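In terms of my numbering, the sequence shown has 165 at position 92, counting the first letter as 1, and numbering is strictly consecutive. For every residue, glycine included, the Cβ atom is placed at its ideal position computed from N, Cα and C. Every value quoted in this text rests on a predicted model; they were computed, and no experiment measured them. Presented below is the structure to which this report refers.
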Amino acid sequence: MLARPPVIDERPRVGNAIEAEGLIEAVIEALGSLSHVVGEETALVKAGRLKDAMEREPRKSELAGIYMKGVEQIKLNAVALARFVPEKVKRLKAAHLAFQELIETNQAVLATARAVSESIVRDLAADANRPMKAAGYGPAATVGAGVFARPNSGPMVISKSL
C-alpha cells in the first residue's frame, strides 16, 4: 500500500492574541470598506443614477471576496479568537449585524428599481402593441381626433440615458 502524503493546511492559524487581533481588525476593515461601497450603490440607485451605481460593481466584488476570505479565516480560528480576544469577536459580530441590515436595505432598493423598470417596459410594450382603431363611422367613432382620440395615446418617448 502507498502511504498518502500528509495534507498541509496552507491556511494560517492564529497562535496568539496579536495574530487574533490582527485577523479580526483586517476583517472589520474589509467589512467597513464593503459597507461603504454598498451604501454608495444604494444611494445612487435611490437617486436613479443606475449607470453610476453599476460602476461600483467591480470594487464591490473585490471587497466581497476579501471579506469572504476573512470570514473563512475567522471560522477556521473561531476557538482561538474567542479565547484570545473575545471583546473583538463581539465587535466583529456587531459590525456584521449592521452590515446585514445595510444589505437588506440595498436589496429592497434594488428590488424596487427592478419592479419600476419592469413596469415601465411592460407599459411601453402594451402601448406599442395596442391596436389602433381607425376613425370611422358608428358609436365609437371620433371625428377629427385622428390618432390622438384615446387619452395617453400620443407619441412615445424612450430615454436611453439610464
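Note that the stretch 159-169 touches the stretch 90-109; at least 3 beta-carbon pairs, one per stretch, sit closer than 8 angstroms. Arg129 counts as buried, since at least 16 other C-beta atoms from the protein chains shown sit within 10 angstroms of its C-beta.
In this structure, DSSP gives Val118 a helical state, which the three-state scheme calls helix. Arg132 is positioned such that its CB atom lies closer than 8 angstroms to that of Val110.
Taking a contact as a CB-CB distance under 8 angstroms, the pair Ala99 and Gly143 counts as one, their CB atoms being some 6 angstroms apart. Going by beta carbons, Leu96 and Ile147 fall inside the 8 angstroms limit. Between Val189 and the set Ser108, Ala90, Lys119, Glu114, the nearest pair of CA atoms involves Lys119. In this structure, DSSP gives Arg129 a state outside helix and strand, which the three-state scheme calls coil.
If you draw a straight line from the Cα of Ile193 to the Cα of Ala199, it comes to about 10 angstroms.
In this structure, the alpha-carbon of Ala186 lies about 22 angstroms from that of Ala137. Counting along the chain, Pro159 sits inside the alpha helix (DSSP H) bounded by residues 159-202. Asn150 and Phe172 have their C-alpha atoms spaced approximately 22 angstroms apart.
In this structure, Leu154 sits near Val162, with a CB-CB distance shorter than 8 angstroms.
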